[in-house]
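Just so you know, the sequences run in chain order A and B.
Going by our numbering, the first residue of the first sequence is number 1, and it counts up by one from there.
Going by our numbering, the first residue of the second sequence is number 1001, and it counts up by one from there.
Note that beta-carbon positions come from the ideal geometry of N, C-alpha and C, so glycine has one too.
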Amino acid sequence: MRFRTLKELAEISGAENKTLAEVMIEDQAAETGASPETIVAQMADYYQKMKEAVRIGLSEQNVSRSGLSGGDAVKVLDLVENGTPSSGDPSSRAMAYALAVSEVNASMGRIIATPTAGSCGIIPGVFVSSQERFGWSDEHMVNGLFAAGAIGYVIANNSFISGAEGGCQAEVGSAIGMAAGAMVELRGGSAEQAMHAVGLALKNTLGLICDPVAGLVEIPCIVRNGLGAVNALAAADMGLAGVRSAIPSDEVVSVMLEVGAAMPSGHRETGQGGLAQTPTGRKLTEGLMRGRKPLEPETEEPRAVQAETVE
Amino acid sequence: MRFKNVFSIIGPSMVGPSSSHTAGAVRIGLIARQLLGTKPSSVKIALYGSFAETYWGHGTDLALAGGLLGYATDDARVAEALEEAERLGIEITFVKGVGMAPHPNTAKLELKAENGRTAQVLGASIGGGTVMIHEMNGFDVRCSGEYPTIVVLHDDRPGVIASLTAVLGASDTNIGYMGVDRKGRSAEAMTVMELDSVPDQRLLTQLRQIEDVKEVTVIHLNGGEAKHQ
């Protein structure tokens, strides 16, 4: 790719008078040797799968294999359709859709990792609800996914996108930043405005730990996806309104790296700290373990592989 | 750059719930199946670290079985993969890995086929569904499966690697990464090469005809889920 930072991404976009999506598609074609048509077709397929996940999540009570989660998306949708949501209809609808996709994920349904499975609800929640609201075409939405991908590519390579490495800020935080920046472009904002929206969004999730109960992608992951979709819409609005991230977005990304590297391992997807180790978190974990036989240790000679750098 | 393309950020398409514990596990199983090259009759799987602690909630066991059946990361049949494996007469047993593993999310698979063929894979799931294989058939060699990869078993003799690369060069096939390990001096060796293009049958035949080359196997995750074009 020709860009390593958000600033470079916005500069290429400005200098060549191209959208973030156009820059991403061109660079992806150059990097992989695949044709732009092939690349766009794959992303279009992914978007259809996201819409399908929203549909399934809203039409069924998706209960997870552990039984810990499920059924919250339809509750929020019911409030949107039959009540008066405090955060307004569009925000609550995005929240319901994001919860729906995350519940589908927890019940072993099919989702698109954006950027991971733990944060797979935010982008579909924002995108699918906004498409319905603004009457956008699928093609427009697919371009939005490339814009989100370009932003995520920079975050992933300068910081992290996995909770095990950098906490929830790296998963849900990254997804909110990606969705916010993409939303600015989808609504006709400039690349610069999009980049500010990314920084504004990321600042709000810095330090967020990854502390899932029993180590499973359910509590609190699903709820964070729902709330993350609302944050993404809000950050996009700030960007579109002309609010600037006083600390440049690339510098915010570097703070995510700094904070994630300093995060104790108990707060990085091990289930050993945070919400997972609250009295209730422990009780839920014990309930899941009850009657479950732990794996027998292997009987052959133990492996002598040396520990290597954990990537 | 750890992440090289847009589909490692948006994607893969997968069944949940975890990109590392589920999608990555499918891929490790699939690579093991490709290395064996046929339907296994029995598979022993040792789970290490977080895989061993949380496999049941993440469906890591189902995912590994799904990969062994040749499923892609987004195949809905992953959820019933253990039952399907049993139906097909594939005996899969899970144990807790003992000793050091290269990563918190690691699995070791030992496969046997009815025709007597065996394969062994030690793989780690490093995040977002991306995997890193650390060991194949007892050789310390690396590959991710993201690129078309050829795995060559050969005798440790001068000139074998030069012959392999000459054949690839003559067919205009670029090598992106390459690793070699041997059991001992002048013993069996394994060379693994990640390529920029899919090798055709003619190229594979040429590689197999090289003196001292015993076996050439292709590993490529792109078969089912077209993540990396």
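Proximity test, Cβ basis, 7 Å: residue i and chain B
i	result
Val80(A)	no
Gly99(A)	Contrary to the premise, residue 99(A) reads as Leu rather than Gly in this sequence. False, the Cβ-Cβ gap to chain B never drops below 7 Å.
Glu26(A)	no
Ala113(A)	yes
Ala170(A)	no
Val213(A)	no
Ala106(A)	yes
Leu295(A)	yes
Glu16(A)	no
Met195(A)	no
Ala117(A)	yes
Glu286(A)	no
Proximity winner among the options, relative to residue i (alpha-carbon distances)
i	options	result
Val1218(B)	Val1160(B), Cys1143(B), Asp1181(B) and Asp1156(B)	Cys1143(B)
Gly1059(B)	Leu216(A), Met43(A) and Val80(A)	Leu216(A)
Ala244(A)	Gly287(A), Ala194(A) and Ala232(A)	Here residue 244(A) is Arg; the residue named in the question, Ala, does not match the sequence. Of Gly287(A), Ala194(A) and Ala232(A), the residue nearest in Cα terms is Ala194(A).
Met1100(B)	Arg1077(B), Leu1111(B), Asp1140(B) and Gly1049(B)	Gly1049(B)
Gly1129(B)	Arg1027(B), Met1001(B) and Asn1005(B)	Arg1027(B)
Val1152(B)	Gly1116(B), Ser1171(B), Lys1214(B) and Pro1012(B)	Lys1214(B)
Met43(A)	Leu1069(B), Pro1012(B), Glu1211(B) and Pro1017(B)	Pro1012(B)
Phe127(A)	Leu79(A), Glu16(A), Leu186(A) and Glu165(A)	Leu186(A)
Gly167(A)	Glu218(A), Leu257(A) and Pro36(A)	Leu257(A)
Gly199(A)	Pro212(A), Lys293(A) and Ser254(A)	Ser254(A)
Asp250(A)	Gly273(A), Tyr46(A) and Tyr153(A)	Tyr153(A)
Gly189(A)	Gly83(A), Ile222(A), Asp211(A) and Gly242(A)	Gly242(A)
Thr1022(B)	Ser91(A), Thr116(A) and Ala29(A)	Thr116(A)
Ala1032(B)	Thr1118(B), Phe1051(B), Ala1081(B) and Thr1054(B)	Thr1118(B)
Asn62(A)	Val213(A), Ser107(A) and Ser91(A)	Ser107(A)
Leu1036(B)	Gly1159(B), Gly1116(B) and Tyr1147(B)	Gly1116(B)
Val172(A)	Ile222(A), Ala197(A), Gly287(A) and Met141(A)	Ile222(A)
Asn1105(B)	Val1180(B), Ile1090(B) and Gly1123(B)	Gly1123(B)
Outcome for residue i when other beta-carbon atoms lying within 10 angstroms are tallied against a minimum of 16
i	result
Gln48(A)	exposed
His1228(B)	Model confidence at His1228(B) stands at a pLDDT of 32, short of 50, so the residue's coordinates are unreliable and nothing is read from them.
Val1088(B)	In the sequence as presented, Val is not what sits at residue 1088(B); that position holds Leu. Leu1088(B) should be labelled exposed.
Phe1003(B)	buried
Glu1083(B)	exposed
Pro1017(B)	buried
Asp1074(B)	buried
Val1198(B)	exposed
Tyr1177(B)	exposed
Met289(A)	exposed
Thr205(A)	buried
Asn82(A)	exposed
Met263(A)	buried
Gly14(A)	exposed
Gly1223(B)	In this prediction, Gly1223(B) scores a pLDDT of 47, lower than 50, which makes its location untrustworthy; no coordinate-derived value is stated.
Asn17(A)	exposed
Met1014(B)	buried
Gly1138(B)	exposed
Neighbouring residues, chain D, relative to residue i (Cβ below 9 Å)
i	result
Arg110(A)	Looking at the structure shown, chain D is missing, and the protein chains on hand are A and B.
Within-7 Å CB hit, residue i to chain A
i	result
Met1190(B)	no
Phe1051(B)	no
Ala1046(B)	yes
Ala1079(B)	yes
Met1136(B)	no
Ile1009(B)	yes
Val1121(B)	no
Asn1222(B)	no
Thr1054(B)	yes
Val1131(B)	no
Does the segment 167–180 of chain A touch the segment 230–245 of chain A, meaning 3 or more C-beta pairs lie closer than 8 Å?
yes
Compile a chain-ordered list of the residues in the segment 45–71 of chain A whose CB is closer than 8 Å to at least one CB of chain B.
Asp45, Tyr46, Lys49, Ser64, Arg65 and Ser66
Would you be able to state if there are at least three C-beta pairs under 8 Å between the segment 119–128 of chain A and the segment 211–227 of chain A?
yes
Touching by the beta-carbon criterion (3+ pairs, under 8 Å), the segment 82–96 of chain A and the segment 1108–1123 of chain B
no
Given a limit of 9 Å on CB to CB distance, which residues of the segment 1139–1155 of chain B reach chain A?
Asp1140
Using 8 Å as the Cβ pair cut-off and three pairs as the minimum, do the segment 1033–1045 of chain B and the segment 60–75 of chain A touch?
no
Relative to chain A, which residues along the segment 1166–1193 of chain B have a C-beta separation below 9 Å, given in chain order?
none
So does the segment 1155–1169 of chain B actually touch the segment 1178–1197 of chain B, counting three or more Cβ pairs closer than 8 Å?
Taking a contact to require three or more Cβ pairs closer than 8 Å, the segment 1155–1169 of chain B and the segment 1178–1197 of chain B qualify as touching.
Name, going along the chain, the residues of the segment 205–229 of chain A whose beta-carbon falls closer than 8 Å to a beta-carbon of chain B.
Ala214, Gly215, Leu216, Val217 and Glu218
Listed from N- to C-terminal order along the chain, which residues in the segment 133–151 of chain A have their beta-carbon within a distance smaller than 8 Å of any beta-carbon of chain B?
Leu145, Phe146, Ala148, Gly149 and Ala150
Is it the case that the segment 151–163 of chain A contacts the segment 1118–1129 of chain B, given that we only count it when at least three CB pairs across the two stretches are under 8 Å?
yes
So does the segment 132–148 of chain A actually touch the segment 100–111 of chain A, counting three or more Cβ pairs closer than 8 Å?
With a cut-off of 8 Å, the segment 100–111 of chain A and the segment 132–148 of chain A do not count as touching, because too few Cβ pairs lie within range.
Can you list, in chain order, the residues of the segment 152–169 of chain A whose Cβ is nearer than 7 Å to any Cβ on chain B?
Gly152, Tyr153, Ala156, Asn157, Ile161, Ser162, Ala164 and Glu165
Could you name the residues of the segment 1015–1040 of chain B whose beta carbon sits closer than 9 Å to any beta carbon of chain A, in the order they occur along the chain?
Val1015, Gly1016, Pro1017, Ser1018, Ser1019, Ser1020, His1021, Thr1022 and Ala1023
Counting beta carbon pairs with one atom in the segment 32–43 of chain A and one in the segment 263–280 of chain A, are three or more of them shorter than 8 Å?
no
Evaluate contact between the segment 1200–1213 of chain B and the segment 1161–1173 of chain B, counting only Cβ atoms and requiring at least three cross-stretch pairs below 8 Å.
These segments touch.
Members of the segment 250–278 of chain A near chain B, C-beta cut-off 9 Å:
Glu269, Thr270 and Gly271
Which residues, taken in chain order from the segment 28–44 of chain A, show a beta carbon closer than 9 Å to some beta carbon of chain B?
Within the segment 28–44 of chain A, Gln28, Glu31, Thr32, Gly33, Ala34, Ser35, Thr38, Ile39, Gln42 and Met43 place their CB atoms closer than 9 Å to a CB of chain B, listed in sequence order.
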